[in-house]
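Reviewing the structure listed below.
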Ligand code: GMT
């Protein structure tokens, strides 16, 4: 098939999922076209089966807001006509599903049929999509997609609760390329980060309020009182400065490293002992799955779709949002001795294997086929 993929090209989970999906589809013989405003961060190899088409939005002073949807839908029309793209897969409803619908309608005028699949990722529904200003457009574009998928059961429920949805939503969970995370690194360079006696705790996110970054710092503060440890904070975002200040206030700034955005998540996870994800809400928690695939147990909140990924007492522990005391206690219970830690590491890796890319990508292929057959 010739498949067009629209996504955010940034470090966010939806962009990562879209990119990994596109790469895998190309390996399976499909021709994949990424259409977005920048080359996706994890798309470093443009092989003959993977193409990238940049959407440019010229700045014009009259426009207070530059019309990205317009530029995107025009680009979609042009690329479909030029490359014969047969099906479009848009990740994140806002504004991608809306732009896809417009492209579909424009192409219809020219006798070209373009089915499009919308994958809902989380904040497009839970935080942004339900905002009254966006609600009508998001409801319309979901209901007018040829197929709709959601990355967890929890997100499907949220979507049905928040919007008037007439369309069937199929749950296709996020996935992980297990082979990539069965890291072959002979040297993780752990020694650069911590001594042999220290445990390494990691958090990776976009540092937005929903991630509750300060909880991560507080949980770590409690851990390091009991067990020698270092904290790796990976990512960039609006809450970073406050978290840095909190680490200073607590006197642990020399144990907390803010590493910024990284393209080497697998390397960082390779030397990590525990991953902390105390989010307010999380439709899936791809970062937790990436950690588990590297054999890193997870201490998380029990919100949204996280319980579908992290299994209490198996791959880590779950607690109510904001229950820092319990999260700290559970973290310490995993880290306290090598035997327990190694048991949880193995269990985390085993649980992650349920989400292997090889099991999930055929489900998307089947959806593309179905939309093509219907049209
Ligand atoms: O985590 C974020 O805030 C980024 C956001 C995104 O759209 O890129 O992540 C959402 O999609 C990910 C991939 O499906 C999910 O793993 C995240 O749980 C989800 N984030 C939230 O629901 C807050």
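Residue numbers (the numbering used here): 1 to 375.
Where a beta carbon is used, it is the ideal one built from N, C-alpha and C, also for glycine.
Quick caveat: nothing in here was measured; it's all calculated off a predicted structure.
Secondary structure of residue 15 (DSSP, three-state): helix. The beta carbon of residue 266 sits closer than 7 Å to the beta carbons of 180, 181, 183 and 294 from its chain, once the five residues preceding and following it are set aside; these are given in chain order.
Residue 54 is classed as exposed because its beta carbon has fewer than 16 other beta carbons within 10 Å across all chains shown.
Remark: the C-beta of residue 302 is outside contact range of ligand 1, defined as less than 8 Å to any heavy atom. Shortest Cα-Cα distance from residue 308 to any of 363, 162, 351 and 87 involves 351. By the Cβ neighbour-count rule, residue 136 is exposed, with fewer than 16 other Cβ atoms within 10 Å of its own. The beta carbon of residue 210 sits closer than 8 Å to at least one heavy atom of ligand 1.
Inclusion of residue 121 and residue 91 in the CB contact set at 9 Å is warranted, their separation being smaller than that value. Between ligand 1 and residue 339, a heavy atom-to-CB distance of less than 8 Å is absent. Per DSSP, residue 333 lies in no beta strand (DSSP E); the unbroken alpha helix (DSSP H) holding it starts and ends at 324 to 335.
The beta-bridge partner set that DSSP reports for residue 170 consists of 149. The three-state reading of DSSP puts residue 229 in strand, counting E and B together. Burial check for residue 60: the Cβ neighbour count within 10 Å stays below 16, so the residue is exposed. By the Cβ rule, the region 21 to 33 does not count as touching the region 300 to 307, because fewer than three pairs are nearer than 8 Å. Within the DSSP bridge table, the entry for residue 120 names 150 as partners.
Look at the beta carbons and you see the region 141 to 160 not touching the region 322 to 337: under three pairs across the two are nearer than 8 Å.
Rounded to the nearest whole angstrom, the CA to CA distance from residue 374 to residue 364 is 15 Å. Taking the Cβ of residue 24 as the reference point, every heavy atom of ligand 1 lies at 8 Å or farther away. The beta-carbon distance between residue 173 and residue 360, rounded to whole angstroms, is 7 Å. This is short enough to meet the 8 Å contact definition. Put simply, the backbone Cα of residue 158 is about 22 Å away from that of residue 16. DSSP places residue 56 in the coil class of the three-state scheme, outside both helix and strand.
Taking the Cα positions, residue 107 is about 23 Å away from residue 58. With 16 or more other Cβ atoms inside 10 Å of its own Cβ, residue 284 counts as buried. Pairwise C-beta distances place the region 318 to 326 out of contact with the region 233 to 243, as fewer than three of them are shorter than 8 Å. Bounds of the beta strand (DSSP E) holding residue 89 are 87 to 91.
Taking C-beta atoms under 8 Å as the contact rule, residue 201 and residue 231 qualify, at a distance of about 5 Å. Under the three-state reduction of DSSP output, residue 29 falls in the coil class, being neither helix nor strand. Not one heavy atom of ligand 1 sits closer than 8 Å to the Cβ of residue 320. Residue environment analysis places residue 98 among the buried positions, since at least 16 neighbouring C-beta atoms fall within 10 angstroms of its C-beta.
Inter-residue distance for residue 345 and residue 199 is about 13 Å (C-alpha atoms, whole angstroms). Assigned with DSSP and collapsed to three states, residue 275 falls in strand. About 5 Å separates the beta carbons of residue 178 and residue 356, which is inside the 8 Å limit, making them a contact pair. Bridge pairing for residue 356: 176 [DSSP]. Looking only at 165, 36 and 218, the smallest Cα-Cα distance to residue 325 is reached by 218.
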